[in-house]
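Asks: Those protein sequence lines, which keep their order, are chains A and B.
Residue numbers for the first sequence follow the numbering used here, beginning at 27 and rising by one.
Residue numbers for the second sequence follow the numbering used here, beginning at 346 and rising by one.
Quick reminder that beta carbons are idealized off the backbone N, C-alpha and C, glycines included.
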Amino acid sequence: AQSVTQLDSQVPVFEEAPVELRCNYSSSVSVYLFWYVQYPNQGLQLLLKYLSGSTLVKGINGFEAEFNKSQTSFHLRKPSVHISDTAEYFCAVINTGGFKTIFGAGTRLFVKA
Amino acid sequence: SQTIHQWPATLVQPVGSPLSLECTVEGTSNPNLYWYRQAAGRGLQLLFYSVGIGQISSEVPQNLSASRPQDRQFILSSKKLLLSDSGFYLCAWSVGGTGRYEQYFGPGTRLTVT
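#1: Measuring only between beta-carbons, confirm whether A/TYR65 sits less than 8 Å from chain B.
#2: I'd like to know if A/LYS84 contacts chain B, where contact means its C-beta is closer than 8 Å to some C-beta of that chain.
#3: At a CB-CB cut-off below 9 Å, which residues of chain B make contact with A/LYS95?
#4: Where A/GLN28 and B/TYR446 are concerned, what is the direct C-alpha to C-alpha distance, given to the nearest angstrom?
#5: Taking buried to mean at least 16 other C-beta atoms within 10 Å of its own C-beta, is B/PRO359 buried or exposed?
#6: Does the separation of the CB atoms of B/LEU409 and A/PHE129 fall below 8 Å?
#7: Measure the C-alpha to C-alpha separation of B/HIS350 and B/VAL440 and round it to an integer number of angstroms.
#8: Once the 5 residues before and after B/TRP352 are set aside, which same chain residues still bring their CB inside 8 Å of it?
#9: Please tell me whether A/PHE116 has its Cβ less than 8 Å away from any Cβ of chain B.
#10: Using three-state DSSP, classify B/LEU426 as helix, strand or coil.
#11: Between the alpha carbons of B/VAL396 and B/SER374, how many angstroms are there, rounded?
#12: So for A/ILE86, helix, strand or coil by DSSP?
#13: With distances taken from CA atoms, which of B/PHE419, B/GLY432 and B/TRP438 is nearest B/ALA385?
#14: How far does the beta strand (DSSP E) with A/TYR58 in it reach, from first residue to last?
#15: What is the C-beta distance between B/ARG417 and B/GLY399, in whole angstroms, given that I count them as a contact (C-beta under 8 Å)?
Spelled out as structure tokens, the structure:
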């Protein structure tokens, strides 16, 4: 069985500062990894995904994430955040060939002016 | 392009009343369909998923049920709501059978059971 741990429940940061949202996963089989963003009272949107290939993946809105197999991590980063990045971010994993995505508990990013 | 619809957007229901939430997907065929519940300040709990018409897998034994009467329609139901059923319900779809695993979410239904 897979599990996902998002190490920070809330991350406050000032506008234009860099941010890293941490995610660790556990699985006994190969997995695919995702980051989703949820704005208040909306559904989730895909930010980026890692399926294979380069371990550094780029997504929408200037976000990127790095897959580290040895550390079983998939941390999300942005070099300079905007007020509009304030949202909840979910790390997720699915085993290859599976149907069920396992989501982390979420990290609430709060960008301050 | 594909779109996913959910309704109603908000719902206030008394304890013991029935529930029916509907989700439809347009612009794709034979999608995998999912119902999630998100309690306040918490992550997503997978309730049901379906890989085809009439095929429903339940993840959480409770007073909720799901049905898929048509290829792109997914319904979440309850005969008698409990206070603990309050939450934000999200429907999602993914492309079936092609190895593309990302999910696409609907706008959600906020259910308050009083």
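Replies: Walking through what the data contain:
#1: Interface with chain B (8 Å Cβ-Cβ cutoff): A/TYR65 is excluded.
#2: A/LYS84 does not count as touching chain B.
#3: Using a Cβ-Cβ cut-off of 9 Å, A/LYS95 is close to nothing in chain B; its nearest Cβ partner there is about 18 Å away.
#4: Answer to the nearest angstrom: the Cα atoms are 15 Å apart.
#5: Around the Cβ of B/PRO359, a 10 Å sphere holds fewer than 16 other Cβ atoms; the residue is exposed.
#6: Contact check for B/LEU409 against A/PHE129 fails: the beta carbons are separated by 8 Å or more.
#7: Each residue's Cα considered, the two are about 16 Å apart.
#8: Within the same chain, LEU366, GLU367 and THR454 come within 8 Å of B/TRP352 by CB-CB distance, once the 5 residues on both sides are set aside.
#9: Taking a beta-carbon distance threshold of 8 Å, A/PHE116 counts as an interface residue toward chain B.
#10: Three-state result, B/LEU426: coil.
#11: CA-CA distance, B/VAL396 to B/SER374, rounds to 11 Å.
#12: Helix.
#13: Restricting attention to B/PHE419, B/GLY432 and B/TRP438, the CA atom closest to the CA of B/ALA385 is found in B/GLY432.
#14: A/TYR58 -> beta strand (DSSP E) spans 57-64.
#15: About 14 Å; that fails the 8 Å criterion.
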